[in-house]
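Quick mapping for you: the protein sequence lines, in order, are chains A and B.
The first sequence begins at 1 in my numbering and counts up one residue at a time.
The second sequence begins at 1001 in my numbering and counts up one residue at a time.
Structure first, then comments.
There are 2 protein chains.
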Amino acid sequence: MAQQHLETTGAEGSAGEVVAAHLREQATEFLRSLRQHRESGGAAPGGTAEEAADAARALRRSARRISGTLHTFRPLLDPEWSDALRPELAWLSGTLAQEHAYAGRLERLLSALHRLSGAHAVPAQAPAALAGRVSTAQLPRNENTASGNLTVGAAKAGALLERQLTLARTRAHSTALQALGSSRFHAVADNVAVLASEVPLRAAPADLDALAATAESRLAEAVAALPLHRAGHPYNAEALVQGLTADTAPPSQDAPWHHVRLLLRLHRYAQEVVPCGPGGGPTDAETEAAAALDRHRDAAEAAAAAAHAARTPRIAPATAYALGVLHADQRHEVEAARFAFQRAWLKETVHTT
Amino acid sequence: MAQQHLETTGAEGSAGEVVAAHLREQATEFLRSLRQHRESGGAAPGGTAEEAADAARALRRSARRISGTLHTFRPLLDPEWSDALRPELAWLSGTLAQEHAYAGRLERLLSALHRLSGAHAVPAQAPAALAGRVSTAQLPRNENTASGNLTVGAAKAGALLERQLTLARTRAHSTALQALGSSRFHAVADNVAVLASEVPLRAAPADLDALAATAESRLAEAVAALPLHRAGHPYNAEALVQGLTADTAPPSQDAPWHHVRLLLRLHRYAQEVVPCGPGGGPTDAETEAAAALDRHRDAAEAAAAAAHAARTPRIAPATAYALGVLHADQRHEVEAARFAFQRAWLKETVHTT
């Protein structure tokens, strides 16, 4: 996979020029998205909320790519300059991601409640822009039957989650708007504008392929450290271990998987700069593995949100019970995602060896 | 698997004689266990509780075998007589099974709570005779930490389950003792004593192998009707669908699996009468499949017990939350057992074709 493509590299120019071209492209995309976001009025009323969300997504997308490229191809760039910019890009894309994440989490939890309540009319996966609009009104309410207690619990749990996550989402929206108006953001935008015109390269003898290969081997090492053997045995019940501990922090068992998710992303961004392998892009198995790790992260955070909601004072036992079932269901999804990753990675390994 | 063993059958005598010999053997075993149970004083104080439990288990074991043989080889026997005895044997083994079942259920739920609380010192699987002695005192209690709320929930859930299932177990124990002293039971014992000396055969031209093959094909048909394809896809989340419905009845999706469990048992008992196949007994895959279906039944009943406990009035939300997690955990076990059955059955099919 990390074959040398000296001819190609030679044809396109020096290593620095290849990286500079990619950074310029992403920086231009960043500035375009920023303009689009401003024109959409930052989710002002008038049907532009969807445009604003699209623009924010595109902004995050290019911010992540710029940051990843600065990281992987660091030896080719002015180190002080890029080391200063990277945390700022991470801050920006992190801040912009929150609103979308809360909306997605609520949608995931409400649709799980639907499924667990045996409501057959589960709404189709709503477009991301509509996320958060699934309402608890769609949950079946059986108040008029004597045994409808737990279904009432599901409805109440849904209402509680909707209240908490909508509040968090609204706050994240305000925070994002504030961030986009801050001088800190303007400094980031100025730096990205520099990238769009003149990438601060360093005259250094560095091999593009070797740098991309380093990103790949970092990923391979992190994957090798994962408990993949265990994850490959379905129903190992690993993800729910400590499902009832007092610890409010996310279970430490998730951390290595989240780390691999980031390294896989860096590897994929490096591939965009230095296309390698037969297809020149990510393999199907890689795409599948990345999707599994996204699902892993989403389910882990949704499970934590359900556990958090269960700690709300003075909730009804039926609500708490439904949140317990929901938490376990999402931890089960975490385990399922690990299994899916293991399968995809096995394919990937077969593919590359 | 249903090869004709005419030579063997011929050597051992007519079809009726083979069945009669098996019934005599099981009836003798039944009477021996009954004597042993009486001598142990029916769980009277003085260290004989374990003996009484062993005797009751042996009694159930032979009652099930007699009943199964009467069913599968019905055309060879006096139909009125055997049709009258079978429900009585089912009543007896059902009544005797309850105490053991409640003890096992409590043990399963408490050890799951241990696992979910991240208590590393999970006690080794206790011998069945000791079941029910696992105490909630072993559950970690974090009352002295501010965030220990949910662990307190696990401890309280354990205490609630222990109270409810111990009460149910004590009642089942009394019911079993009453049953063993009843005239209804004495009528069963008298009938079994008849079997031990003189099996009421019917002069009928019936093929032993064909009757055993019928039991096997009934099993194969029921298995073919199971959603095995779905069960073979790990993490299909099927078992938890309707995990939050108001319905207090056990989910109807379990019923076909429970039915297959009974048919598999009948098939295995028929094999004891007419040994067939290369090994002459059940294959490893069959034993594995049977164990998976036992686990399926146990987990389904444990999940129902957790859901039932959550409906106790005035419980704390933390207790209800823990019971919700526990319920979902056991429903995952149900799904895992279906997966294990599917795997074992696949092996069995490869083995026999």
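Glycine is no exception: its CB is placed at the ideal position from the N, C-alpha and C atoms.
Remember, predicted model here, so these are calculated numbers, not experimental data.
Residues of chain B with a Cβ closer than 9 Å to the Cβ of residue 335/A are, in chain order, 1235 and 1332.
Ranked by how close their Cα comes to the Cα of residue 97/A, the residues 16/A, 61/A and 81/A have 61/A in first place. The beta carbon of residue 1223/B lies closer than 7 Å to those of 1260 and 1345 in the same chain, with the five residues before and after it left out. Annotation: the continuous alpha helix (DSSP H) that includes residue 1051/B extends over 1049 to 1072.
Per DSSP, residue 1269/B is one residue of the alpha helix (DSSP H) stretching across 1255 to 1273. In the DSSP assignment, residue 202/A falls outside any alpha helix (DSSP H) and carries neither an H nor an E. Under the three-state reduction of DSSP output, residue 77/A falls in the strand class. Going by beta carbons, residue 52/A and residue 102/A fall outside the 7 Å limit. In this structure, residue 1072/B places its C-beta atom within 7 Å of the C-beta atom of residue 1270/B.
With 16 or more other Cβ atoms from the protein chains shown falling within 10 Å of its own Cβ, residue 282/A counts as buried. For a Cβ distance threshold of 8 Å, residue set 237, 240, 243 and 328 of chain A lies close to residue 1329/B, ordered along the chain. Under the DSSP assignment, residue 1188/B falls in the alpha helix (DSSP H) whose first and last residues are 1183 to 1197. Taking all protein chains shown into account, residue 1317/B has 16 or more neighbouring C-beta atoms within 10 Å of its C-beta and is therefore buried.
Residue 1350/B counts as exposed, since fewer than 16 other C-beta atoms from the protein chains shown sit within 10 angstroms of its C-beta.
In the DSSP assignment, residue 22/A falls within the unbroken alpha helix (DSSP H) covering 15 to 39. The Cβ-Cβ distance between residue 1331/B and residue 1243/B falls below 7 Å. Taking 8 Å as the upper bound for CB-CB distance, residue 1015/B and residue 1206/B are in contact here, some 6 Å apart. At least one C-beta of chain A is nearer than 7 Å to the C-beta of residue 1323/B. Taken through DSSP and simplified to helix, strand or coil, residue 1227/B comes out as coil. No Cβ of chain B is located within less than 7 Å of the beta carbon of residue 109/A. Taking 7 Å as the cut-off, the beta carbon of residue 1299/B is found no closer than this to the beta carbon of residue 1348/B. With its beta carbon at least 7 Å from every one in chain B, residue 275/A lies outside the interface. About 6 Å separates the beta carbons of residue 1092/B and residue 1188/B, which is inside the 8 Å limit, making them a contact pair. Rounded to the nearest angstrom, the gap between the Cα atoms of residue 70/A and residue 82/A is 6 Å. The C-beta of residue 315/A comes closer than 7 Å to at least one C-beta of chain B.
Taken through DSSP and simplified to helix, strand or coil, residue 342/A comes out as helix.
When 7 Å is used as the limit between beta carbons, residue 339/A is near these residues of chain B: 1234 and 1235, in chain order.
In terms of beta-carbon proximity, residue 33/A stays away from the interface with chain B, with every pair separated by 7 Å or more. Taken atom to atom, the span from the alpha-carbon of residue 1315/B to that of residue 1159/B is near 12 Å.
The C-beta of residue 198/A has fewer than 16 other C-beta atoms within 10 Å across all chains shown, which makes the residue exposed.
Between residue 253/A and the set 266/A, 99/A, 239/A and 74/A, the nearest pair of CA atoms involves 239/A. Listed in chain order, the non-local C-beta contacts of residue 297/A below 7 Å within the same chain comprise 258 and 261, local neighbours out to five positions each way being set aside. Of the residues 1165/B, 1192/B and 1236/B, the one whose Cα lies closest to the Cα of residue 1065/B is 1192/B. Taking a Cβ-Cβ threshold of 7 Å, the residues of chain A close to residue 1115/B are 241, in chain order. Its chain contains 1165, 1298, 1301, 1302 and 1305 as the residues whose beta carbon lies nearer than 8 Å to that of residue 1105/B, once the 5 sequence neighbours on both sides are disregarded; these appear in chain order. Going by C-alpha positions, residue 1059/B is about 32 Å away from residue 1343/B.
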